[in-house]
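Residue numbers (the UniProt record's numbering): 1 to 452. Idealized CB from N, CA, C, for every residue including glycine. Being a predicted model, the structure only gives us computed values, none of them experimental.
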Amino acid sequence: MPVAALTTLGCKVNQYETEKIAEEFAANGFVLTDFDAPADVYVINSCSVTAAADKKSRYLARKASRTNPNAVVVMTGCHSQQVLDHGEWVEGATLLVDNEDKMRVFAKVVEHAPEILSYSSSPATVLPARERRTRATLKVQDGCTHFCGFCQIPYTRKVKVSRHWEDVVAEAHALAESGTRELVVTGVCVGAYDEATGSGGPDLAELLLKVADVPGIARVRLSSIQPIEVSDALIDAFATHPNLCPHLHLSCQSGDDTILKAMNRPYDAAFYKALVAKLRAAVPDVAITTDLIVGYPGETEELHQNTLDFARAVGFQKTHCFRYSPRDKTYAATLPDDIPDEVKKRRHAELQAVVDASNHAFTERSLGETVSVLVEHPEGTTLTGYTPNYIKVRFSGPVALYGELVPVRLDSVESDGGAIGTLVLPEPELARILAQAPRPKFQALEMIGATP
Ligand code: SF4
Numbered sequence: 001m002p003v004a005a006l007t008t009l010g011c012k013v014n015q016y017e018t019e020k021i022a023e024e025f026a027a028n029g030f031v032l033t034d035f036d037a038p039a040d041v042y043v044i045n046s047c048s049v050t051a052a053a054d055k056k057s058r059y060l061a062r063k064a065s066r067t068n069p070n071a072v073v074v075m076t077g078c079h080s081q082q083v084l085d086h087g088e089w090v091e092g093a094t095l096l097v098d099n100e101d102k103m104r105v106f107a108k109v110v111e112h113a114p115e116i117l118s119y120s121s122s123p124a125t126v127l128p129a130r131e132r133r134t135r136a137t138l139k140v141q142d143g144c145t146h147f148c149g150f151c152q153i154p155y156t157r158k159v160k161v162s163r164h165w166e167d168v169v170a171e172a173h174a175l176a177e178s179g180t181r182e183l184v185v186t187g188v189c190v191g192a193y194d195e196a197t198g199s200g201g202p203d204l205a206e207l208l209l210k211v212a213d214v215p216g217i218a219r220v221r222l223s224s225i226q227p228i229e230v231s232d233a234l235i236d237a238f239a240t241h242p243n244l245c246p247h248l249h250l251s252c253q254s255g256d257d258t259i260l261k262a263m264n265r266p267y268d269a270a271f272y273k274a275l276v277a278k279l280r281a282a283v284p285d286v287a288i289t290t291d292l293i294v295g296y297p298g299e300t301e302e303l304h305q306n307t308l309d310f311a312r313a314v315g316f317q318k319t320h321c322f323r324y325s326p327r328d329k330t331y332a333a334t335l336p337d338d339i340p341d342e343v344k345k346r347r348h349a350e351l352q353a354v355v356d357a358s359n360h361a362f363t364e365r366s367l368g369e370t371v372s373v374l375v376e377h378p379e380g381t382t383l384t385g386y387t388p389n390y391i392k393v394r395f396s397g398p399v400a401l402y403g404e405l406v407p408v409r410l411d412s413v414e415s416d417g418g419a420i421g422t423l424v425l426p427e428p429e430l431a432r433i434l435a436q437a438p439r440p441k442f443q444a445l446e447m448i449g450a451t452p
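Shown next as structure tokens:
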């Protein structure tokens, strides 16, 4: 059988699309392997949200072509789009596929090298099928028209489309039947999910309630959302449905009003803080995670201090901190990139220290509590998983607990803000699980967020 290896950079939408591409390769007889292993086809679903993402995308293409110089190395996604727009190429790549044709990657590979379908290679490792994941993404929306100053997405995905709710719920049922316990509902601008763009009726709050009611789905988590798109109905949904995880990734970008305006973000710091207060009043123990950019054009020391003060005041759980770099076609790219790199690095370190402290404090407040953890990553007898409010927990336990929701007491905080815990599963329940047939190997997804 031919062997394919796929990897993703960037947002949850990219992750979902990579999985769909992988499914098509698998359905056509390919074995899926690790990206580090020899393969006949490599697919890189690239990202260009920062200069670092561009660099890593190019690095992965070179790496794949070194691992197997005869492989077809395909790059798609935003970095590929950017390179094509400039009439350039990526070293190591065989094919560059633009965003419009992303879901045709398999067809493009077969057009380019039809003989690949008859290959009989031996994969070094075989990845588990998508249907065995404990946590899966569920894309419900595409397109954005916000035109934030730093973001390329509206230039490449400007048509807003919502998936029909029946289609979404059907996929949730299929995932539940194949063992998925947690769904991450995602979209390019997920808060724009509505009837006018094709949902068939429901808005985002109604859709989440329908997905949360699917038998077998124990948890539904929402991916990154614009603060202005958090409606009262959405807050009510999180406050009332036990399967909706108390965790909102409220994309923020800056805590200073001048910079927010320059970024064309449609809210100010006071609006954001008021929204967080409302959420905390309605949803007990809710985790607020976010993205923040330092070094945006025009960010003086005073404005940077405002963002530090804002981050301290909000007390985020996890935060993706980015150093600004100009992106093609964006409004910000027309402005002078006037903050020197060493200043951006220093501001990034200062902000990281603030958000690391609040992440640590968030976990510390839960010490002594017994919480539900979805067991995802095995490492010997050390198991790792997340609480509903996104605290990463490590604890000892048997591998047979993979994919189970188990009670864990949180004992101490790790340096990365995660917790060390103790399994407190009653003996009869543990014995029942251990008596079951060996469970399939599960694979979980990476951290929520990192969307612009
Ligand atoms: S940052 Fe998000 S909301 Fe803003 S333009 Fe990009 S995708 Fe749209």
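Distance cut-off 7 Å: residue i Cβ against heavy atoms of ligand 1
i, result
"residue 321", "no"
"residue 467", "The question about residue 467 has no answer here: the residues shown for the chain are numbered 1 through 452."
"residue 164", "no"
"residue 146", "yes"
"residue 326", "no"
"residue 259", "no"
"residue 78", "no"
"residue 354", "no"
"residue 188", "yes"
"residue 293", "no"
"residue 151", "yes"
"residue 154", "yes"
Paired residues, beta bridge with residue i - DSSP
i, result
"residue 249", "289"
"residue 139", "186"
"residue 420", "394, 412"
"residue 221", "184"
"residue 235", "Paired residue(s): none; residue 235 is not in a bridge."
"residue 44", "7, 75"
"residue 378", "383"
"residue 227", "Per DSSP, none; premise fails for residue 227."
"residue 321", "292"
"residue 60", "Residue 60 is not bridged to any residue."
"residue 405", "374"
"residue 162", "141"
Buried versus exposed call for residue i [16 or more other C-beta atoms within 10 Å across all chains shown]
i, result
"residue 89", "exposed"
"residue 417", "buried"
"residue 389", "buried"
"residue 14", "buried"
"residue 404", "buried"
"residue 304", "buried"
"residue 246", "buried"
"residue 12", "buried"
"residue 59", "exposed"
"residue 325", "buried"
"residue 112", "exposed"
"residue 232", "exposed"
"residue 255", "buried"
"residue 27", "exposed"
"residue 213", "exposed"
Cβ-heavy atom distance, residue i to ligand 2, below 7 Å
i, result
"residue 226", "Of the ligands one can find in the structure shown, namely ligand 1, none is ligand 2."
Rounded distance between the beta-carbons of residue j and residue i, thought under 8 Å
i, j, result
"residue 8", "residue 68", "Actually they are not in contact, since the Cβ atoms of residue 8 and residue 68 sit about 20 Å apart, beyond 8 Å."
"residue 25", "residue 147", "The pair is not a contact, with the Cβ atoms about 35 Å apart (cut-off 8 Å)."
"residue 351", "residue 311", "6 Å"
"residue 97", "residue 71", "Not quite, the Cβ-Cβ distance comes to about 16 Å (not below 8 Å), so this is no contact."
"residue 102", "residue 77", "7 Å"
"residue 372", "residue 410", "About 11 Å separates the two Cβ atoms, so there is no contact after all."
"residue 424", "residue 398", "Incorrect: roughly 14 Å between the Cβ atoms, too far for contact."
"residue 181", "residue 134", "5 Å"
"residue 174", "residue 216", "Not confirmed; about 10 Å, so no contact."
Residue i versus residue j - alpha carbon distance
i, j, result
"residue 300", "residue 347", "11 Å"
"residue 10", "residue 18", "11 Å"
"residue 119", "residue 4", "11 Å"
"residue 131", "residue 62", "Unreliable placement is indicated for residue 131, whose pLDDT of 39 sits below 50; no coordinate value is reported for it."
"residue 433", "residue 218", "17 Å"
"residue 20", "residue 302", "45 Å"
"residue 223", "residue 2", "34 Å"
"residue 357", "residue 204", "32 Å"
"residue 82", "residue 436", "50 Å"
"residue 80", "residue 243", "38 Å"
"residue 294", "residue 323", "5 Å"
"residue 188", "residue 419", "31 Å"
"residue 6", "residue 92", "15 Å"
"residue 359", "residue 206", "31 Å"
"residue 281", "residue 158", "35 Å"
"residue 154", "residue 262", "17 Å"
"residue 395", "residue 160", "43 Å"
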